[in-house]
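Going by my numbering, the first residue of the sequence shown is number 46, and it counts up by one from there. Note that CB positions come from ideal geometry on N, CA and C, so glycine has one too. Values in this document were obtained by computation on a predicted structure and should not be read as measured data. Below is one structure; the comments refer to it alone.
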Amino acid sequence: LAPLPSPCPCLSGSLQNGSRWALSFDMSSLSSSQEVSLAQLRVRLPGLSRAHNASLDIYHSQRRRCRPDGSCSHQLFLGTVAGSPSATQASWKVFEVTNLLRSWLHQAVPTGQQSRWEVNGSDAPAAPGDTGSGGDVADSVLLLVFSKDKSPGEHSLIRTAETSKYIMRESGWRGAGARRQRRNRMERQRIKASAPREQGREQGRQLCRRVDMLVDFEQTGWGSWIVYPKKYNAYRCEGLCPSPVDETFKPTNHAYIQSLLQLYKPNQVPCPACSPVKMSPLSMLYYERGEVVVRHHEDMIIEECGCN
(Lines of atoms letter the chains of each structure in order from A; the text may use other names.)
(Lines give C-alpha, C1' and ligand atoms only; values in the text may rest on other atoms or scores of the structure.)
Protein backbone atom coordinates (compact mmCIF):
# COMPACT_ATOMS: atom_id res chain seq x y z
CA LEU A 46 0.00 0.00 0.00
CA ALA A 47 1.16 3.51 -0.76
CA PRO A 48 2.02 5.74 2.20
CA LEU A 49 -0.83 8.01 3.27
CA PRO A 50 -0.74 11.42 4.95
CA SER A 51 -0.81 11.03 8.71
CA PRO A 52 -3.06 13.18 10.91
CA CYS A 53 -1.45 16.61 10.80
CA PRO A 54 0.90 17.40 13.71
CA CYS A 55 -0.47 20.80 14.70
CA LEU A 56 1.68 23.85 15.36
CA SER A 57 1.51 24.65 19.08
CA GLY A 58 4.07 27.44 19.40
CA SER A 59 6.60 29.67 17.64
CA LEU A 60 9.45 32.04 18.48
CA GLN A 61 11.55 34.19 16.12
CA ASN A 62 15.08 35.52 16.53
CA GLY A 63 16.17 37.08 13.23
CA SER A 64 16.32 34.33 10.61
CA ARG A 65 16.20 31.65 13.31
CA TRP A 66 12.85 30.22 14.35
CA ALA A 67 11.78 27.82 17.08
CA LEU A 68 8.64 25.86 16.19
CA SER A 69 6.80 23.42 18.42
CA PHE A 70 4.23 20.86 17.25
CA ASP A 71 1.86 18.57 19.06
CA MET A 72 2.93 15.28 17.47
CA SER A 73 0.74 13.03 19.61
CA SER A 74 -0.96 11.78 16.45
CA LEU A 75 2.28 10.02 15.41
CA SER A 76 3.46 6.75 16.95
CA SER A 77 6.38 4.33 16.77
CA SER A 78 4.15 1.83 14.93
CA GLN A 79 4.29 4.11 11.89
CA GLU A 80 7.01 4.10 9.26
CA VAL A 81 7.66 7.64 8.05
CA SER A 82 8.20 7.64 4.29
CA LEU A 83 8.40 11.41 3.81
CA ALA A 84 8.18 14.41 6.11
CA GLN A 85 8.37 18.01 4.93
CA LEU A 86 8.20 21.26 6.86
CA ARG A 87 6.63 23.93 4.66
CA VAL A 88 6.83 27.51 5.91
CA ARG A 89 6.08 31.06 4.85
CA LEU A 90 7.71 32.94 7.71
CA PRO A 91 9.10 36.49 7.97
CA GLY A 92 12.85 36.54 7.58
CA LEU A 93 13.05 33.25 5.70
CA SER A 94 12.15 34.51 2.24
CA ARG A 95 15.41 36.47 1.99
CA ALA A 96 17.59 34.17 4.10
CA HIS A 97 20.07 31.95 2.30
CA ASN A 98 20.86 29.91 5.41
CA ALA A 99 17.95 29.54 7.78
CA SER A 100 17.68 27.58 11.02
CA LEU A 101 14.56 26.04 12.51
CA ASP A 102 14.53 24.43 15.95
CA ILE A 103 11.84 21.74 16.12
CA TYR A 104 10.07 20.79 19.37
CA HIS A 105 7.38 18.31 20.34
CA SER A 106 4.98 20.03 22.72
CA GLN A 107 1.87 19.15 24.69
CA ARG A 108 -0.05 21.80 26.60
CA ARG A 109 -2.05 20.99 29.72
CA ARG A 110 -3.48 22.92 32.65
CA CYS A 111 -1.05 23.05 35.55
CA ARG A 112 -2.63 25.79 37.67
CA PRO A 113 -5.99 27.65 37.80
CA ASP A 114 -4.73 30.75 35.96
CA GLY A 115 -2.72 29.18 33.15
CA SER A 116 -1.29 26.14 31.44
CA CYS A 117 2.13 24.55 31.06
CA SER A 118 3.87 23.30 27.97
CA HIS A 119 5.91 20.11 28.19
CA GLN A 120 8.41 20.38 25.34
CA LEU A 121 10.98 18.02 23.88
CA PHE A 122 13.70 19.31 21.57
CA LEU A 123 13.88 17.07 18.48
CA GLY A 124 16.59 18.79 16.46
CA THR A 125 17.55 21.70 14.22
CA VAL A 126 16.89 21.99 10.50
CA ALA A 127 19.44 24.26 8.84
CA GLY A 128 20.43 25.17 5.33
CA SER A 129 18.91 26.65 2.22
CA PRO A 130 15.32 25.46 1.82
CA SER A 131 13.85 24.68 -1.58
CA ALA A 132 11.06 26.94 -2.82
CA THR A 133 7.68 26.13 -4.34
CA GLN A 134 5.59 28.12 -6.76
CA ALA A 135 3.35 29.26 -3.92
CA SER A 136 6.32 30.89 -2.12
CA TRP A 137 6.46 28.13 0.49
CA LYS A 138 9.93 27.20 1.76
CA VAL A 139 10.36 23.43 2.09
CA PHE A 140 12.64 21.70 4.62
CA GLU A 141 13.26 17.95 4.60
CA VAL A 142 12.63 16.55 8.12
CA THR A 143 12.12 12.85 7.37
CA ASN A 144 15.20 11.61 9.24
CA LEU A 145 14.50 13.90 12.18
CA LEU A 146 11.03 12.44 12.72
CA ARG A 147 12.25 8.89 12.15
CA SER A 148 14.88 9.34 14.87
CA TRP A 149 12.33 10.72 17.30
CA LEU A 150 9.78 7.95 16.66
CA HIS A 151 12.48 5.37 17.34
CA GLN A 152 13.39 7.19 20.58
CA ALA A 153 16.81 8.26 19.38
CA VAL A 154 16.47 11.73 20.97
CA PRO A 155 18.47 11.94 24.24
CA THR A 156 16.20 12.27 27.25
CA GLY A 157 18.45 14.98 28.67
CA GLN A 158 17.14 17.38 26.05
CA GLN A 159 13.70 17.35 27.63
CA SER A 160 12.63 20.42 29.62
CA ARG A 161 9.58 22.34 30.81
CA TRP A 162 8.46 25.93 30.31
CA GLU A 163 5.40 27.95 31.18
CA VAL A 164 3.32 29.65 28.52
CA ASN A 165 4.86 32.91 27.29
CA GLY A 166 8.20 32.05 28.90
CA SER A 167 11.04 33.94 27.26
CA ASP A 168 12.82 30.78 26.05
CA ALA A 169 9.83 28.78 24.84
CA PRO A 170 7.98 28.97 21.52
CA ALA A 171 4.81 30.92 22.24
CA ALA A 172 1.41 29.53 21.37
CA PRO A 173 -0.05 30.64 18.02
CA GLY A 174 -1.99 33.83 18.55
CA ASP A 175 -0.12 34.82 21.72
CA THR A 176 1.51 38.21 21.73
CA GLY A 177 5.19 37.59 21.27
CA SER A 178 8.00 37.82 18.80
CA GLY A 179 6.53 35.00 16.71
CA GLY A 180 3.05 36.40 16.28
CA ASP A 181 0.25 34.35 14.75
CA VAL A 182 1.94 32.07 12.21
CA ALA A 183 -0.38 29.06 12.40
CA ASP A 184 -1.43 29.57 8.77
CA SER A 185 2.18 29.93 7.63
CA VAL A 186 3.58 26.63 8.93
CA LEU A 187 2.66 23.15 7.72
CA LEU A 188 4.27 19.87 8.78
CA LEU A 189 3.35 17.26 6.18
CA VAL A 190 3.99 13.62 7.11
CA PHE A 191 3.48 10.58 4.87
CA SER A 192 3.59 7.28 6.72
CA LYS A 193 2.33 3.73 6.70
CA ASP A 194 1.66 1.29 9.48
CA LYS A 195 4.59 -1.05 9.91
CA SER A 196 2.48 -3.70 11.62
CA PRO A 197 -1.26 -3.35 10.98
CA GLY A 198 -1.92 -6.65 12.72
CA GLU A 199 -0.40 -5.48 15.98
CA HIS A 200 -3.16 -3.09 17.03
CA SER A 201 -4.26 -5.76 19.47
CA LEU A 202 -5.62 -5.89 22.97
CA ILE A 203 -2.29 -7.31 24.12
CA ARG A 204 -0.40 -4.21 22.98
CA THR A 205 -3.04 -1.97 24.55
CA ALA A 206 -2.77 -3.84 27.84
CA GLU A 207 1.02 -3.64 27.81
CA THR A 208 0.87 0.09 27.19
CA SER A 209 -1.66 0.50 29.98
CA LYS A 210 0.59 -1.31 32.45
CA TYR A 211 3.54 0.88 31.41
CA ILE A 212 1.52 4.04 31.98
CA MET A 213 0.38 2.76 35.37
CA ARG A 214 3.96 2.28 36.53
CA GLU A 215 4.81 5.84 35.54
CA SER A 216 1.67 7.38 37.04
CA GLY A 217 0.96 8.47 40.55
CA TRP A 218 -1.04 5.31 41.33
CA ARG A 219 2.08 3.28 42.05
CA GLY A 220 0.82 2.10 45.43
CA ALA A 221 -2.42 0.73 44.03
CA GLY A 222 -0.61 -0.79 41.07
CA ALA A 223 1.91 -2.52 43.33
CA ARG A 224 -0.86 -3.94 45.54
CA ARG A 225 -2.71 -5.18 42.46
CA GLN A 226 0.45 -6.82 41.11
CA ARG A 227 1.04 -8.54 44.46
CA ARG A 228 -2.54 -9.87 44.48
CA ASN A 229 -2.15 -11.14 40.93
CA ARG A 230 1.17 -12.80 41.75
CA MET A 231 -0.30 -14.52 44.82
CA GLU A 232 -3.30 -15.68 42.80
CA ARG A 233 -1.05 -17.14 40.11
CA GLN A 234 0.99 -18.95 42.77
CA ARG A 235 -2.20 -20.35 44.28
CA ILE A 236 -3.33 -21.60 40.89
CA LYS A 237 0.01 -23.26 40.22
CA ALA A 238 0.05 -24.93 43.64
CA SER A 239 -3.50 -26.27 43.19
CA ALA A 240 -2.70 -28.06 39.93
CA PRO A 241 0.84 -29.48 40.07
CA ARG A 242 0.01 -32.50 37.96
CA GLU A 243 -1.39 -30.33 35.17
CA GLN A 244 1.73 -28.19 35.27
CA GLY A 245 3.89 -31.28 35.00
CA ARG A 246 2.04 -32.44 31.92
CA GLU A 247 2.37 -29.01 30.29
CA GLN A 248 6.11 -28.84 30.98
CA GLY A 249 6.55 -32.16 29.21
CA ARG A 250 5.00 -30.86 26.01
CA GLN A 251 6.20 -28.23 23.58
CA LEU A 252 4.43 -24.99 22.80
CA CYS A 253 2.30 -24.44 19.72
CA ARG A 254 4.31 -24.88 16.54
CA ARG A 255 4.17 -26.18 12.96
CA VAL A 256 5.20 -29.78 12.32
CA ASP A 257 5.38 -31.92 9.18
CA MET A 258 2.36 -33.72 7.78
CA LEU A 259 3.26 -35.49 4.55
CA VAL A 260 0.36 -36.20 2.22
CA ASP A 261 0.67 -39.15 -0.21
CA PHE A 262 -2.28 -39.22 -2.61
CA GLU A 263 -1.52 -42.83 -3.52
CA GLN A 264 -2.22 -43.79 0.09
CA THR A 265 -5.49 -41.83 0.21
CA GLY A 266 -6.82 -43.48 -2.93
CA TRP A 267 -6.61 -40.30 -5.02
CA GLY A 268 -3.48 -41.24 -6.93
CA SER A 269 -5.43 -42.52 -9.95
CA TRP A 270 -6.78 -39.08 -10.91
CA ILE A 271 -4.20 -36.67 -9.43
CA VAL A 272 -1.28 -36.22 -11.83
CA TYR A 273 0.78 -33.73 -9.80
CA PRO A 274 1.79 -33.48 -7.06
CA LYS A 275 1.66 -37.09 -5.94
CA LYS A 276 3.04 -36.05 -2.54
CA TYR A 277 3.35 -32.77 -0.63
CA ASN A 278 3.87 -31.44 2.89
CA ALA A 279 0.65 -29.90 4.19
CA TYR A 280 2.01 -29.43 7.75
CA ARG A 281 -0.14 -29.34 10.87
CA CYS A 282 -0.25 -27.47 14.18
CA GLU A 283 0.75 -29.13 17.44
CA GLY A 284 1.50 -28.07 20.99
CA LEU A 285 0.21 -26.07 23.93
CA CYS A 286 -0.89 -22.45 24.09
CA PRO A 287 0.49 -20.62 27.15
CA SER A 288 -1.64 -18.64 29.57
CA PRO A 289 -1.66 -15.78 29.01
CA VAL A 290 -0.75 -16.06 25.36
CA ASP A 291 1.56 -13.44 23.82
CA GLU A 292 1.86 -11.90 20.36
CA THR A 293 4.33 -14.58 19.26
CA PHE A 294 1.33 -16.86 18.74
CA LYS A 295 -0.72 -14.26 16.82
CA PRO A 296 -3.88 -14.61 18.93
CA THR A 297 -7.13 -12.85 18.27
CA ASN A 298 -8.37 -10.52 21.00
CA HIS A 299 -10.90 -13.22 21.96
CA ALA A 300 -8.11 -15.81 22.31
CA TYR A 301 -6.10 -13.43 24.48
CA ILE A 302 -9.06 -12.88 26.83
CA GLN A 303 -9.69 -16.63 26.92
CA SER A 304 -6.06 -17.29 27.89
CA LEU A 305 -6.33 -14.73 30.70
CA LEU A 306 -9.47 -16.38 32.05
CA GLN A 307 -7.84 -19.80 31.77
CA LEU A 308 -5.00 -18.55 33.97
CA TYR A 309 -7.40 -17.64 36.78
CA LYS A 310 -10.14 -20.21 36.13
CA PRO A 311 -8.30 -23.29 34.82
CA ASN A 312 -11.17 -25.63 35.63
CA GLN A 313 -13.78 -23.56 33.80
CA VAL A 314 -12.07 -22.15 30.71
CA PRO A 315 -9.90 -24.21 28.31
CA CYS A 316 -6.72 -22.93 26.74
CA PRO A 317 -6.92 -21.46 23.21
CA ALA A 318 -6.32 -24.07 20.54
CA CYS A 319 -3.12 -24.37 18.53
CA SER A 320 -4.39 -23.84 15.00
CA PRO A 321 -3.38 -22.41 11.60
CA VAL A 322 -3.17 -18.62 11.37
CA LYS A 323 -1.69 -18.39 7.87
CA MET A 324 -2.33 -20.68 4.91
CA SER A 325 -1.04 -20.90 1.36
CA PRO A 326 -2.52 -22.42 -1.82
CA LEU A 327 -1.44 -25.43 -3.86
CA SER A 328 -1.59 -25.77 -7.64
CA MET A 329 -2.64 -29.25 -8.74
CA LEU A 330 -2.75 -31.08 -12.06
CA TYR A 331 -5.47 -33.75 -12.33
CA TYR A 332 -8.12 -35.38 -14.50
CA GLU A 333 -11.54 -33.74 -14.65
CA ARG A 334 -14.27 -35.00 -17.01
CA GLY A 335 -11.70 -36.84 -19.09
CA GLU A 336 -9.37 -33.85 -19.46
CA VAL A 337 -6.20 -32.86 -17.65
CA VAL A 338 -6.71 -29.50 -15.91
CA VAL A 339 -4.75 -27.25 -13.59
CA ARG A 340 -6.55 -25.95 -10.51
CA HIS A 341 -5.39 -23.51 -7.86
CA HIS A 342 -6.76 -24.59 -4.45
CA GLU A 343 -6.64 -22.24 -1.46
CA ASP A 344 -5.76 -23.17 2.14
CA MET A 345 -3.88 -26.36 1.31
CA ILE A 346 -0.61 -25.69 3.18
CA ILE A 347 -0.12 -24.34 6.71
CA GLU A 348 2.45 -21.54 6.77
CA GLU A 349 2.14 -20.43 10.42
CA CYS A 350 0.52 -21.76 13.58
CA GLY A 351 -0.89 -19.74 16.44
CA CYS A 352 -3.31 -19.78 19.35
CA ASN A 353 -6.97 -19.04 18.65
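The C-beta distance from E343 to K323 rounds to 12 Å, too long to meet the 8 Å contact threshold. Contact annotation: V88 and W137 have beta-carbon atoms nearer than 8 Å.
For A300, the enclosing alpha helix (DSSP H) covers residues 298 to 309. For N144, the uninterrupted alpha helix (DSSP H) run begins and ends at 143 to 150, by DSSP. The beta strand (DSSP E) runs lying completely inside the region 249 to 284 and spanning 3 residues or more are 254 to 256, 259 to 261, 271 to 273, 276 to 278, 281 to 283, given in chain order.
Residue burial is scored here from C-beta neighbours: V290 has at least 16 other C-beta atoms within 10 angstroms and is therefore classed as buried.
In this structure I347 is not in contact with C286, their Cβ atoms being roughly 16 Å apart against a cut-off of 8 Å. No Cβ-Cβ contact shorter than 8 Å links S57 with S100. A distance of 8 Å or more separates the beta carbons of L330 and Y277.
M329: member of the beta strand (DSSP E) spanning 319 to 333, first to last residue. With 16 or more other Cβ atoms from the protein chains shown falling within 10 Å of its own Cβ, L90 counts as buried. In this structure, H341 keeps its C-beta atom at 8 Å or more from the C-beta atom of P317. When the beta-carbon positions are compared, S328 and N353 stay at least 8 Å from each other.
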